[in-house]
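Engineer:
Number of protein chains: 2
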Amino acid sequence: MNHQEALTTYIAAFVAELSAAGIEDVVISPGSRSTPIAMVMAEHPDLNLFVHVDERSAAYFALGIAKAKKKPVAVLCTSGTAAANYYPAIIEAGISRIPLIVLTADRPHELRDVGAPQAIDQIHLYGHNVKWFVEMSLPDSREEMIRYSRTVCARAAATAMKYPSGPVHLNFPLREPLIPALDDRLFNLQERTEGFVDIMQGVLTLPDEAIQAMASALTSAKRGIIVAGPLEENGFASSVLKLAELLKFPVLADPLSQLRSCQQDSGLIIDAYDTILRSEEAKAALEPDLIIRFGAMPVSKATTIFIKENPNARQIVIDGGGGWRDPLISASDMVYCDETYLCNALVKHLSPSKSTEYLDMWRNINLHTKEQIKGVRDLTELSEGKLFHLLADMLPKGAALFVGNSMPIRDLDTFFLKNDKKIRVLANRGANGIDGVVSAAMGAATVHQPMYLVLGDLTFFHDLNGLIAAKLFELNITILLVNNNGGGIFSFLPQAEQPKHFEKLFGTPLDLDFSHAVKMYGGTFISVKDWDQYQQAFNETKGQQGLHVIEVSTARDRNLTEHRDLWKSVSREIRNLLDDAKNDG
Amino acid sequence: MNHQEALTTYIAAFVAELSAAGIEDVVISPGSRSTPIAMVMAEHPDLNLFVHVDERSAAYFALGIAKAKKKPVAVLCTSGTAAANYYPAIIEAGISRIPLIVLTADRPHELRDVGAPQAIDQIHLYGHNVKWFVEMSLPDSREEMIRYSRTVCARAAATAMKYPSGPVHLNFPLREPLIPALDDRLFNLQERTEGFVDIMQGVLTLPDEAIQAMASALTSAKRGIIVAGPLEENGFASSVLKLAELLKFPVLADPLSQLRSCQQDSGLIIDAYDTILRSEEAKAALEPDLIIRFGAMPVSKATTIFIKENPNARQIVIDGGGGWRDPLISASDMVYCDETYLCNALVKHLSPSKSTEYLDMWRNINLHTKEQIKGVRDLTELSEGKLFHLLADMLPKGAALFVGNSMPIRDLDTFFLKNDKKIRVLANRGANGIDGVVSAAMGAATVHQPMYLVLGDLTFFHDLNGLIAAKLFELNITILLVNNNGGGIFSFLPQAEQPKHFEKLFGTPLDLDFSHAVKMYGGTFISVKDWDQYQQAFNETKGQQGLHVIEVSTARDRNLTEHRDLWKSVSREIRNLLDDAKNDG
Chain A
0 MNHQEALTTY IAAFVAELSA AGIEDVVISP GSRSTPIAMV MAEHPDLNLF
50 VHVDERSAAY FALGIAKAKK KPVAVLCTSG TAAANYYPAI IEAGISRIPL
100 IVLTADRPHE LRDVGAPQAI DQIHLYGHNV KWFVEMSLPD SREEMIRYSR
150 TVCARAAATA MKYPSGPVHL NFPLREPLIP ALDDRLFNLQ ERTEGFVDIM
200 QGVLTLPDEA IQAMASALTS AKRGIIVAGP LEENGFASSV LKLAELLKFP
250 VLADPLSQLR SCQQDSGLII DAYDTILRSE EAKAALEPDL IIRFGAMPVS
300 KATTIFIKEN PNARQIVIDG GGGWRDPLIS ASDMVYCDET YLCNALVKHL
350 SPSKSTEYLD MWRNINLHTK EQIKGVRDLT ELSEGKLFHL LADMLPKGAA
400 LFVGNSMPIR DLDTFFLKND KKIRVLANRG ANGIDGVVSA AMGAATVHQP
450 MYLVLGDLTF FHDLNGLIAA KLFELNITIL LVNNNGGGIF SFLPQAEQPK
500 HFEKLFGTPL DLDFSHAVKM YGGTFISVKD WDQYQQAFNE TKGQQGLHVI
550 EVSTARDRNL TEHRDLWKSV SREIRNLLDD AKNDG
Chain B
0 MNHQEALTTY IAAFVAELSA AGIEDVVISP GSRSTPIAMV MAEHPDLNLF
50 VHVDERSAAY FALGIAKAKK KPVAVLCTSG TAAANYYPAI IEAGISRIPL
100 IVLTADRPHE LRDVGAPQAI DQIHLYGHNV KWFVEMSLPD SREEMIRYSR
150 TVCARAAATA MKYPSGPVHL NFPLREPLIP ALDDRLFNLQ ERTEGFVDIM
200 QGVLTLPDEA IQAMASALTS AKRGIIVAGP LEENGFASSV LKLAELLKFP
250 VLADPLSQLR SCQQDSGLII DAYDTILRSE EAKAALEPDL IIRFGAMPVS
300 KATTIFIKEN PNARQIVIDG GGGWRDPLIS ASDMVYCDET YLCNALVKHL
350 SPSKSTEYLD MWRNINLHTK EQIKGVRDLT ELSEGKLFHL LADMLPKGAA
400 LFVGNSMPIR DLDTFFLKND KKIRVLANRG ANGIDGVVSA AMGAATVHQP
450 MYLVLGDLTF FHDLNGLIAA KLFELNITIL LVNNNGGGIF SFLPQAEQPK
500 HFEKLFGTPL DLDFSHAVKM YGGTFISVKD WDQYQQAFNE TKGQQGLHVI
550 EVSTARDRNL TEHRDLWKSV SREIRNLLDD AKNDG
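Top to bottom, those sequences are chains A and B. Reminder that position 79 of the first sequence reads as 78 in numbering that gives the first Met the number 0, one-by-one numbering, no gaps. Reminder that position 8 of the second sequence reads as 7 in numbering that gives the first Met the number 0, one-by-one numbering, no gaps.
1) Listed in chain order, which residues of the stretch 315 to 343 of chain B have Cβ atoms closer than 7 Å to some Cβ of chain A?
2) Let me confirm a value: Val202 (chain B) is counted as buried when at least 16 other C-beta atoms fall within 10 Å, else exposed. Which label applies?
3) Does the stretch 78 to 89 of chain A come close enough to the stretch 467 to 482 of chain A to have 3 or more Cβ pairs within less than 8 Å?
4) For Val239 (chain B) and Asp337 (chain B), what's the separation of their Cα atoms in angstroms?
5) Listed from N- to C-terminal order along the chain, which residues in the stretch 491 to 503 of chain A have their beta-carbon within a distance smaller than 9 Å of any beta-carbon of chain B?
6) In chain order, what residues of the same chain have a beta carbon less than 7 Å from the beta carbon of Ala427 (chain B), not counting five sequence neighbours either side?
7) With a threshold of 8 Å between beta-carbons, can Glu91 (chain B) be considered close to chain D, or not?
8) From Pro107 (chain B) to Gln117 (chain B), what distance separates their C-alpha atoms?
9) Using only CA atoms, which one of A:Met38, A:Asp45, A:Thr34, A:Val74 lies nearest to Glu23 (chain A)?
10) Using a Cβ-Cβ cut-off of 8 Å, state whether Met624 (chain A) counts as contacting chain B.
11) Who are the near neighbours of Gly320 (chain B) in its chain, counting only those whose CB is closer than 7 Å to its CB and skipping five residues on each side?
12) Have a look at B:Phe49, B:Thr8, B:Met0, B:His2 and flag the residue whose alpha-carbon is nearest the alpha-carbon of Glu502 (chain A).
13) Judging by CA-CA distance, which residue of B:Leu230, B:Leu576, B:Asp531, B:Val52 is the nearest neighbour of Arg324 (chain B)?
14) Which residues bound the beta strand (DSSP E) around Ile27 (chain B)?
15) On the DSSP letters alone, give me the boundaries of the beta strand (DSSP E) that Asn343 (chain A) sits inside.
16) Tell whether a beta-carbon distance below 8 Å holds between Thr302 (chain A) and Pro179 (chain A).
17) In three-state DSSP terms, what is Gly590 (chain A)?
18) Would Pro645 (chain B) pass as an interface residue toward chain A - the criterion being a Cβ-Cβ separation below 8 Å?
19) For Ala67 (chain B) and Gly429 (chain B), I'd like the C-alpha separation in whole angstroms.
20) Does DSSP put Gln314 (chain B) in a helix, in a strand, or in coil?
21) At the level of alpha carbons, what is the spacing between Asp270 (chain B) and Arg222 (chain B)?
22) On a CA-only basis, which of A:Asp456, A:Leu577, A:Leu452, A:His562 is nearest Tyr537 (chain A)? Give me that one, please.
23) Measure the CB-CB distance between Ala37 (chain A) and Leu504 (chain B) and report whether it falls below 8 Å.
24) So, is Arg141 (chain B) buried or exposed, given that buried needs 16 or more other C-beta atoms within 10 angstroms?
25) Beta carbons nearer than 8 Å to chain A: which residues of the stretch 109 to 125 of chain B have them?
26) Looking only at its own chain, which residues have a Cβ that is under 6 Å from the Cβ of Gly485 (chain B), when we skip the five neighbours before and after it?
27) Is it true that the CB of Val346 (chain A) sits closer than 8 Å to the CB of Val334 (chain A)?
28) Around the C-beta of His547 (chain A), are 16 or more other C-beta atoms found within 10 angstroms, so that it is buried, or is it exposed?
29) On a Cα-Cα basis, can you pick out the residue from B:Ala227, B:Gly322, B:Thr158, B:Ile225 that is closest to Arg111 (chain A)?
30) What span of residues does the beta strand (DSSP E) with Tyr520 (chain A) cover, start to end?
31) If you drop the 5 nearest sequence neighbours on each side, which residues of the same chain put their C-beta closer than 8 Å to that of Ile306 (chain A)?
32) Per DSSP, what kind of secondary structure is Pro206 (chain B) in: helix, strand or coil?
33) Verify whether the separation of the beta carbon atoms of Gln379 (chain A) and Ile64 (chain A) is less than 8 Å.
34) Along the chain, which unbroken stretches of the beta strand (DSSP E) at least 3 residues long are found entirely within the stretch 488 to 551 of chain B?
35) Determine the chain A residues that contact Asn84 (chain B) at a beta-carbon separation under 8 Å, and present them in chain order.
36) Inspect the CB distances between the stretch 348 to 358 of chain A and the stretch 241 to 249 of chain A and report whether three or more fall short of 8 Å.
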């Protein structure tokens with residue numbers, strides 16, 4: 000067997016199948032060992048190639064594309080620690096159920112564990128953080144091995160997508176010389192030119208009796224709520240709202256449920272729960288007897304405490320991915336069934352409930368709480384809460400908003416209220432890391448426009464290298480940098496009461512002027528001094544090409560005070576409201 | 000058992016033992032779950048704390064300290080993908096045998112695999128890339144568990160050091176509340192206040208008969224050479240030179256053997272081998288009958304090819320770490336014995352050889368080749384070869400030089416000739432990655448001064464975040480940035496003959512003006528236009544505090560030509576030399 004022919008045919012078959020399996024994007028980091036795969040990919044007419052030097056950013060960039068597109072994306076790197084740089088994004092992809100196909104080039108067997116350069120042990124490099132690992136055969140052009148190459152590829156794509164989606168890892172031992180023979184016949188497949196194997200993916204359903212039993216349990220609940228956590232499935236939003244409408248259950252809608260910003264809503268969506276549930280009176284008044292949860296755990300700590308404090312409520316956790324999303328140890332029913340299917344099936348078995356008393360109480364408290372939240376509009380100084388609140392006004396219709404972890408996603412949860420602008424909210428909420436956020440947003444920007452990213456300064460710093468994507472791939476993105484010079488979230492935690500080492504260990508101010516970095520990557524940077532400047536800067540970036548960073552400098556201590564003031568005034572308001580209701584009653 | 004008391008006592012015992020075991024430095028990345036360990040460390044009077052936000056850089060920074068100090072360094076991070084960011088440095092530490100103690104905070108058992116925030120599976124997170132993994136018990140103040148905490152710590156330090164040194168990983172499940180009770184009695188240990196257990200580490204030795212047998216094999220060799228690869232052990236340099244002196248064996252000294260720049264040398268060190276061994280005539284004339292190799296594989300590809308092409312020579316590989324450093328599949332004898340011990344033991348059994356014919360041939364060719372190499376001094380345009388050649392002149396005595404992978408370490412090997420300036424050369428030559436080089440050099444700069452770092456632009460970009468260490472920890476370092484706007488090494492590889500996708504996949508120019516980034520981190524930046532400016536800039540940074548970056552812009556294609564021209568002229572010179580010798584003979 001001719002070495003180059005084997006190399007070329009085997010890899011070309013793999014790459015052709017990758018495209019046939021629906022993969023459109025590959026993110027490549029330069030390297031020598033991966034040469035044949037990279038070169039063949041570059042020849043493929045239907046693959047978008049992104050060449051990204053920093054593998055950590057590259058993998059998060061791929062994750063961002065996959066998240067935005069809901070399709071698997073391939074990443075390719077050379078042998079050695081390059082592959083280890085993928086690890087954070089792979090773990091995030093696993094937990095947040097994003098399909099990634101990780102391709103690593105490796106030294107062949109005779110160069111392993113013998114001190115050869117750039118040779119590390121890549122077998123099961125990512126442990127059980129990937130859904131599937133394959134040590135590929137050496138390139139081989141025999142008919143059977145071409146079939147092997149193609150089926151492994153098709154399986155990899157299908158396994159990455161199979162619910163719960165996640166990363167798969169294929170490791171390619173490659174021997175020198177590494178140059179394939181590129182010619183017009185590169186992708187001329189001998190067999191099944193449209194794809195070697197189509198893979199049909201079933202959906203988890205429940206038998207009719209189970210649906211009926213659940214429907215009657217839901218009907219008999221007097222004080223039922225739906226908690227819609229992070230979940231982005233086609234059709235889910237409208238299905239769950241139909242279900243809620245029949246049941247007259249309030250829907251506590253996490254920003255990543257995509258329910259905060261959808262056009263269908265018959266007044267069932269509760270968007271101020273995070274503030275409401277900080278009030279002990281509200282929690283007592285709103286005590287549920289049944290909770291249905293969809294999606295990942297919601298970001299709101301107040302909500303999770305509320306769930307935990309009600310162990311006597313029937314707690315039904317729905318997970319089409321078959322995980323065990325119950326850190327509160329409160330689930331009474333764990334339901335492995337496709338979420339949209341389940342909602343639709345339940346709707347068929349339900350007649351509309353007439354009892355709206357519990358729902359009305361939620362609605363009423365929600366309404367009053369929102370009025371309090373809207374009070375942030377009156378703040379004259381730059382404020383994190385106001386910034387997140389104004390996003391619903393300021394973002395263009397149909398925009399996508401990528402949100403950083405730590406404080407931003409929490410502030411979004413608290414202050415970004417229901418609207419009908421179909422704003423798609425994205426975040427890395429698998430492991431909630433501050434790493435890779437810039438890159439994931441950049442990846443998403445290749446799919447969704449206009450794209451906004453809002454994040455804190457430590458998160459921005461952590462993945463500053465991710466900005467290069469904007470320059471190299473000419474992406475359009477506006478970044479709202481909430482710069483409180485350090486780790487703002489720690490001011491809300493008990494660590495803040497220990498002043499001795501606080502700034503050194505937790506506050507960690509970096510004192511960086513990020514305008515330099517943004518300039519290096521060809522972006523515009525403006526640090527706004529007040530709300531007028533902010534509005535103006537924001538409006539000026541609308542419809543603009545390229546990278547734009549708007550820095551909003553805030554103060555960690557003032558931010559804490561603002562949050563606490565809000566919680567206090569809401570608690571007071573709710574107390575009054577409940578007292579009034581009692582007196583009326 | 001009181002929660003806070005258990006937390007405090009258990010962690011304080013661990014941290015006290017860490018210091019007792021000789022650990023001086025800890026690199027901490029901020030996070031909540033790791034709070035008790037971080038706060039207790041901050042209280043310890045004898046620990047240097049470095050707080051570094053980006054865990055990838057943080058781990059490489061720790062690796063740099065450990066490499067420079069030859070002592071274990073601890074790194075600490077919170078739960079989640081933070082820990083995954085350590086992976087590249089951990090793998091590098093494993094292969095390059097650098098002792099690291101990786102401490103990760105984790106969620107307690109009830110918050111694992113249940114969708115809790117920032118919870119990933121940290122059990123065996125790094126697979127077998129660490130030498131030892133311990134899932135710690137929950138904090139516990141009972142006497143037995145304090146002993147447990149202390150012995151695990153002592154074992155971790157000893158295991159990290161035990162040859163071959165490497166990383167160990169301890170995972171700490173920690174339950175809220177996370178605040179320890181800091182008071183004056185924090186480190187008041189109840190038992191064995193100076194350290195719970197002293198661990199004595201044996202050295203691999205061989206019985207006298209084996210030494211004698213090896214001595215006689217060496218004596219009977221007519222054409223023996225010593226290949227000194229990367230190895231930095233106390234006493235090794237002088238021991239191996241004594242051995243070579245008795246045997247009259249030339250020593251091919253990799254820059255990381257530290258033999259290029261030592262004061263002892265009786266003319267045995269061959270420093271131009273990488274250029275010499277590109278000549279077929281030289282290789283034929285210098286064919287060895289015995290090769291002893293110490294340390295990791297040398298960087299020189301010409302040398303490794305030479306070794307591989309001489310399978311009939313007896314090839315003795317010495318490894319005190321008991322690895323299998325033989326990617327060439329050429330070892331005839333694998334010797335697991337401490338290198339310094341072995342050299343000293345052999346010396347005792349050897350009498351001086353009188354035959355210097357083979358050595359003289361090497362010396363002669365080396366001398367002439369060096370003259371050719373020195374020809375780069377005459378280049379007027381900025382050149383990579385000349386830059387590395389001049390380092391031996393320009394670096395101050397006793398300086399440390401951290402060298403980037405890819406081209407810089409190869410150019411150093413080729414152009415940085417023997418000198419007596421005791422320049423310590425450091426590099427990440429485990430997996431040879433372009434990642435983490437800036438941070439490793441920054442870590443080394445906390446130990447060794449003056450510190451220089453020479454690296455290419457892609458390597459610089461990959462770890463640009465590493466520069467922040469210079470700002471936050473007020474380090475002194477001068478960076479020589481060889482900017483050829485892309486991946487210079489690929490011009491030397493067969494990929495360069497495939498122009499179609501070359502720049503996109505391999506050249507990968509980033510077109511970055513790095514002055515912005517350097518400015519952001521408070522450094523000075525100068526891009527020099529010619530050799531005078533370079534000399535001047537170099538001299539100006541001498542003795543200066545802070546971060547200084549001198550950019551030398553070179554051209555990838557011209558660099559290739561210069562290297563090829565040198566190889567050609569050396570081959571011609573050697574041919575003439577050998578012809579002359581033949582004619583004389």
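Think of the CB as a built atom: it goes at the ideal place given N, C-alpha and C, for glycine as much as any other residue.
Structural biologist: Looking at the atomic coordinates:
1) The residues in question are Gly322, Trp323, Arg324, Asp325, Pro326, Ile328.
2) When all chains shown are included, Val202 (chain B) counts as exposed.
3) Short answer: they don't touch.
4) Taking the straight line from one Cα to the other gives about 12 Å.
5) So the list reads Leu492, Pro493, Gln494, Glu496, Gln497, Lys499, His500, Lys503, given in the order they occur along the chain.
6) Inspection of the sequence shows that residue 427 (chain B) is occupied by Asn rather than by Ala. Cβ contact annotation for Asn427 (chain B) (same chain, cutoff 7 Å, sequence separation greater than five): Glu91, Ser95, Asn404, Gly435, Val436, Ala439, in chain order.
7) Looking at the structure shown, chain D is missing, and the protein chains on hand are A and B.
8) C-alpha separation (whole angstroms): 12 Å.
9) From the listed residues A:Met38, A:Asp45, A:Thr34, A:Val74, the smallest Cα separation to Glu23 (chain A) is found for A:Asp45.
10) The requested residue 624 (chain A) does not occur in the structure, where chain A is confined to residues 0 to 584.
11) Only Arg96, Tyr162, Pro163 meet the Cβ criterion.
12) The option with the nearest alpha carbon to Glu502 (chain A) is B:Phe49.
13) It is B:Leu230 whose Cα lies nearest to the Cα of Arg324 (chain B).
14) Taken as a continuous stretch (DSSP letters only), the beta strand (DSSP E) holding Ile27 (chain B) covers 24 to 27.
15) Here Asn343 (chain A) belongs to no beta strand (DSSP E); instead the alpha helix (DSSP H) covers 338 to 347.
16) At the C-beta level, Thr302 (chain A) and Pro179 (chain A) stay beyond 8 Å of one another.
17) Outside the displayed span of chain A (0 to 584) sits residue 590 (chain A), for which this structure offers no information.
18) The structure shown does not extend to residue 645 (chain B), since chain B is modelled only from 0 through 584, so no value can be given for it.
19) Distance between the alpha carbons of Ala67 (chain B) and Gly429 (chain B) is about 15 Å.
20) DSSP places Gln314 (chain B) in the strand class (E or B) of the three-state scheme.
21) Cα to Cα, the separation comes out at about 18 Å.
22) A small fix is needed here, since residue 537 (chain A) is Phe in this sequence, not Tyr. Out of A:Asp456, A:Leu577, A:Leu452, A:His562, A:Leu452 has the C-alpha closest to the C-alpha of Phe537 (chain A).
23) Result yes, Cβ atoms of Ala37 (chain A) and Leu504 (chain B) sit closer than 8 Å.
24) Exposed.
25) Among the residues of the stretch 109 to 125 of chain B, those with a Cβ less than 8 Å away from any Cβ of chain A are Glu109, Leu110, Asp112, Val113, Gly114, Ala115, Pro116, Gln117, Ala118, Ile119, Asp120, His123, Leu124, in the order of the chain.
26) Same-chain partners within the cutoff: Gly506, Thr507, Pro508.
27) Not closer than 8 Å, so no.
28) The residue in question, His547 (chain A), is buried, as its Cβ has 16 or more Cβ neighbours within 10 Å.
29) For the options B:Ala227, B:Gly322, B:Thr158, B:Ile225, the alpha carbon positioned closest to that of Arg111 (chain A) is the one of B:Gly322.
30) Looking at the DSSP string, Tyr520 (chain A) is not in any beta strand (DSSP E), and its letter there is neither H nor E.
31) Within the same chain, Cβ atoms closer than 8 Å to the Cβ of Ile306 (chain A) are found at Val226, Ile290, Arg292, Gln314, Leu327, Ser329, the five residues on either side in sequence being excluded.
32) For Pro206 (chain B), the three-state secondary structure derived from DSSP is coil.
33) According to the sequence shown, residue 379 (chain A) is Thr rather than Gln. Cβ atoms of Thr379 (chain A) and Ile64 (chain A): not closer than 8 Å.
34) DSSP runs (the beta strand (DSSP E)) wholly in the stretch 488 to 551 of chain B: 523 to 527.
35) By Cβ distance, chain A contributes Arg55, Tyr86, Pro87, Asp434.
36) Three or more pairs of CB atoms, one per stretch, sit closer than 8 Å, so the stretch 348 to 358 of chain A contacts the stretch 241 to 249 of chain A.
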